[in-house]
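Residues in the sequence shown are numbered from 1 upward in steps of one, following the numbering used here.
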Amino acid sequence: MRLRAWGYFGVFGLVAGYFLIWPVWRAQFPLEIWPTEGWN
């Protein structure tokens with residue numbers, strides 16, 4: 001059971017790292033808003 005717990009912690013850490021890194025990665029690319037965008 002202990003090995004399974006480490007597996008869960010590892011998967012949780014990978015998912016958390018992905019969601020923490022994604023905004024930093026996405027900030028490198030400019031967001032272009034067109035006048036025809038509905039939410040503009």
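Idealized CB from N, CA, C, for every residue including glycine.
- Judged by DSSP in its simplified three-state form, I33 adopts coil rather than helix or strand.
- In this structure, DSSP gives A5 a helical state, which the three-state scheme calls helix.
- Note on geometry: alpha-carbon atoms of A5 and Y18 lie some 20 Å from one another.
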